[in-house]
Amino acid sequence: MTAPNLFKLPDVGEGLLEAEIVSWKVKEGDTVAVNDVIVEIETAKSLVELPSPYAGVVAQLMVAEGETVDVGTPIIAIGPNAAQGPAAAEPAPDTRAAETPATSAVEEVEALKPLVGSGPKADAVKRRPRLAAASAGPAQAASPAAAPAPAAAAPAAAKAPGQEPASSIISKAAATANRMVARANRVLAKPPVRKAAKDLGINLSEVLATGLRGEVTKKDLLSYQDQRAAEQTAAGSFWTPAAGRGAAEDPRIERIKVKGVRKATAKAMVESAFTAPHVSIFVDVDASRTMEFVKRLKVSRDFEGIKVSPLLILAKAVIWAAARNPSVNATWTGDEILIKHFMNLGIAAATPRGLMVPNIKDAQDLSLKELAVALNELATTARAGKTAPADMQGGTLTVTNIGALGIDTGTPIINPGEVAIVAFGTIKQKPWVVDGEVVPRWVTTLGGSFDHRVVDGDLSARFMADVAAIMEEPALLLD
Amino acid sequence: MGKAQHAASGTAGDASPIQEAAAPDAQAPGRPQAGGSSGVLQQRAVGPDEAVQLLDEHGTLRHEDTFSPYIEALDPEVLRSFYRDMATVRRFDTEATALQRQGELALWVPVVGQEAAQIGSGRAMKPADYAFPTYREHGVALTRGLDLADLLKLFRGVSNGGWDPRETNFHLYTLVLAAQTLHAVGYAMGISRDIATDPETEPAAVVAYFGDGSSSEGDVHESMVFAASYDAPVVFFCQNNNWAISVPFEVQSKVPLVNRAGGYGIPGIRVDGNDVLAVYAVTQWALEHARNGHGPVLIEASTYRIGAHTTADDPTKYRMSEEEELWKTRDPLQRLETYLRASGLADDEFFEQVKGDGDELAGHVRRATLALGGADIRQKFATVYAEAHPLVAEELAWFENYEASFADADTNNSQIQGGAA
């Protein structure tokens, strides 16, 4: 007995990957001719009737109505009908003859793919399965057809740059890298969106970007504008006159469901504030040299295209000071104190989703420039609301840059699992006494909160004094 | 305004005269009264209900002084062959659509409803004439003597063309909308130069096929300007099938396209595109006009795409079935069959034979298509440049890597994934 022909679901549109079997126009045992309509399917584009590519007897409908299957899935088995005619003369073999193709079809299908008919409806969007990264290497090496092609391409690719002197290639590469960094820092947006933002007086970097490539879309801009407008108008109408007395539900009380980041933040802060006895200390610092240093970095060729701010120096100072006072970079477990010989430096960031504290892993290993790039990336990612959970885990010490909001100082609450947090106040010119004379200097206030279970007063004071020392004289970093 | 445009307007028969047709638009507020003052443009000359028609939808012949003589000279065998050609291409179209639904073609462009416009115009051409098709001229291909199975190579992705245009003077299908109209005018200008160089050259003309959608493209305008400027022997044959994919004709133009001919100073003819006799006659007239050195002609064949734009399109999403039903009453095959039967020029035997021959052709097309095998993507890389090129090699390597990264890579070497196992 010849095996039945299997008709696989074709791509009837252009690049469609799946379709739903809407209704069968034939049943098992029906005789069909080539081009007889056998089934109606629905794709993302349209309802389509499929004509049979085979003549014969329908051996099996392999997909139930209502099921969505991938292109290439066998949907119907059509057996050859030549054997059926003569067999009709002999009743006994006829039964077998009619059943055999059906059975073999089932077996074949089961060998190919599990029978469709159960399980959840397929997702609307599907992608072809990719090989696992680990297996990709051996698979390619094993394939003789794939191997020569990349090899042939490699010399070709190497050839073009080879025509230039090596030095120019290197300097070009460096220039490219700088441009890349500059680009990474720049908020992406199409020109009309930029223009609209400018017209509306909106700083694009404040807008949550949802574009495919991380760009701020027009929609993002408009929703930001809507929100801003709503906030501004709401400010005028915020105070609501009393509606009446005795109402069980006062309409003047707005209820906001606590969820997501707000909920997580609340939980973490309660946990921290009521389990770790906080001690907070403050120190005023003349940060004029830090400001000069930042200014010099900004114009240096090495930092071209990289955003540099005093926060960079503070971050470096914190890392430097923690190495001299290791107990601040620790965790209290109750019966043990875990001293971390690495710095995952947390940076508290206000994001569209709420307060996030992503951290820079192994910040102690980063050069000043690498740290600058890492800070920028962290801020960009957080602003875009794309901070990954892994980026927020495993922090060892946190900096909160309240100065960005124009605040002098405050008592920060320690990020749970850590024992120290540094608040970086605003830097502004203030009268400062130098050698008995009052002169204007760039002054800031550093605040720190410490878990007294781990960090005693003297240690916290030494740590803060070390941080302050760097802010006063960044050259000490060279030490 | 050319003689033919007068003729076209004059044949409106029971349709309204020109002035009345123009009147409604002229009443728009703020517009000068058309024809009311010297120097004010007449809105249009040919109205939307006017067209040359020699065989109406009931299969009745109508007389028209300029164009009827082209039909009266025809042998009954020719009239029967018009029907045969239209039925053949319709059967072929059904088979190709089925092949696409069975996964054997990536795409198909149905022609149902436009058979008269294509067979009529194609049959009017002489062997020395040259046709520049869009991607839907399957009927014209038939009249030029192509093996219709060759048309499917492009749609299966196994060829960038499928036939040698020099053998049949039927150019390769052009998928870039309206691009072929420029090629057609260039070719026509070449014919003029050939004749200027060697007066013994056989006079020939070019037919540039395009649609109502393409008429909005700049290429068509440029083509007509050049054709008019150089008196190029080209016939612009616009099949206005009323739908540019999902955009209705009313959006393309406020007046019948034929009126644009006036702007270029060339003759324009609006013809019932579902009347194969009228299409044949007006195209004959236009080709003679062009071959005789009088320059280009624009023909607007008013027809209708009964099916989808392509097999990837679903017309139920953008138009009402009432409209399709209305146009089915104007079917080009039906009216000729009615006429042939009524006048005793064809009987059941003839129509049976046509059907049998059509099925035979369909079988041939199916066998030929299945024998084509799958597409080889490497061949596409190999034909980007004549010689090996490092960038192409790099891109091929990238593609091979990419393809190899899929878990089901082995089963997807062919572009045609589903279909008959």
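Chains as they are written, first to last, in my numbering: chain A, 154 to 632; chain B, 701 to 1121. Every residue gets a Cβ at the ideal spot worked out from N, C-alpha and C, and that includes glycine.
In this structure Asn-940(B) touches Ala-1001(B) by the C-beta definition: roughly 7 Å separates them, less than 8 Å. Within the DSSP bridge table, the entry for Ala-573(A) names Phe-603(A) as partners. Residue Ala-468(A) holds the alpha-carbon nearest to the alpha-carbon of Val-526(A) among Ala-468(A), Ala-543(A), Gly-507(A) and Asn-568(A).
Ranked by how close their Cα comes to the Cα of Gly-886(B), the residues Asp-919(B), Gly-822(B) and Pro-899(B) have Asp-919(B) in first place.
When CB distances to chain B are screened at a threshold of 8 Å, the residues of the stretch 164-175 of chain A falling below it are Asp-164, Val-165, Gly-166 and Glu-167, in chain order. In the three-state DSSP reduction, Ser-1002(B) falls in the strand class (E or B). Spanning the alpha carbons of Ala-503(A) and Ala-535(A) requires a straight line of approximately 8 Å. For Val-1054(B) against Arg-784(B), the beta-carbon gap comes to about 5 Å, under 8 Å, which counts as contact.
Between Thr-983(B) and Phe-937(B) the beta-carbon gap is near 7 Å, inside 8 Å, which marks them as a contact.
In this structure, the beta-carbon distance from Thr-843(B) to Gly-822(B) falls below 7 Å. Closer than 7 Å to the CB of Pro-204(A) there is at least one CB belonging to chain B.
About 6 Å separates the Cβ atoms of Leu-361(A) and Ala-537(A), confirming a contact at the 8 Å cut-off.
Per the Cβ contact rule, the stretch 429-441 of chain A is in contact with the stretch 596-610 of chain A (3 or more Cβ pairs under 8 Å). Secondary structure note for Lys-348(A): it is in no beta strand (DSSP E), and the uninterrupted alpha helix (DSSP H) holding it is 344-353. Of the candidates Gly-182(A), Thr-226(A) and Gly-209(A), Thr-226(A) places its Cα closest to the Cα of Ala-172(A). When 9 Å is used as the limit between beta carbons, Leu-214(A) is near no residue of chain B, the shortest such separation being about 16 Å.
Shown here, Arg-791(B) sits in a helix according to DSSP, grouped into three states.
Put simply, the backbone Cα of Val-414(A) is about 26 Å away from that of Lys-371(A).
At a cut-off of 7 Å between beta-carbon atoms, Asp-1076(B) makes no contact with chain A.
At a beta-carbon threshold of 9 Å, none of the residues of chain A lie near Asp-1059(B); the nearest stands roughly 10 Å away. CA-to-CA, the gap between Ala-1075(B) and Arg-991(B) works out to about 41 Å. Under the three-pair Cβ rule at 8 Å, the stretch 864-879 of chain B does not count as touching the stretch 894-903 of chain B. By the beta-carbon neighbour count (other beta carbons within 10 angstroms, threshold 16), Ala-1071(B) is exposed. Among the residues facing chain A, Gln-802(B) is included, as its CB has a counterpart in that chain under 7 Å away. For Lys-178(A), there are no C-beta contacts with chain B under 8 Å, since the nearest C-beta of that chain is about 13 Å from it.
For Pro-903(B), the number of other beta carbons within 10 angstroms of its own is at least 16, and it is reported as buried. Under a 10 Å Cβ-count criterion, Phe-495(A) is classified as exposed, with fewer than 16 other Cβ atoms of the shown protein chains found around its own Cβ. Annotated three-state conformation of Ser-923(B) is helix, per DSSP. Burial state of Val-935(B) is buried, judged by a 10 Å Cβ sphere holding 16 or more other Cβ atoms. Remark: C-beta atoms of Asn-478(A) and Asn-497(A) do not approach each other more closely than 7 Å. Nearest CB-CB separation between Arg-283(A) and chain B: below the 7 Å threshold. Boundaries of the alpha helix (DSSP H) harbouring Met-444(A): 441-452, taken from the DSSP string. Sorting Glu-837(B), Val-812(B) and Pro-865(B) by C-alpha distance to the C-alpha of Pro-827(B) places Pro-865(B) at the top. As DSSP reads the structure, Gly-911(B) sits in a beta bridge with Gln-939(B).
The DSSP-derived three-state label of Ser-433(A) is strand.
Thr-1011, Ala-1012 and Asp-1014: these are the residues of the stretch 1004-1015 of chain B whose beta carbon lies less than 7 Å from some beta carbon of chain A, given in chain order.
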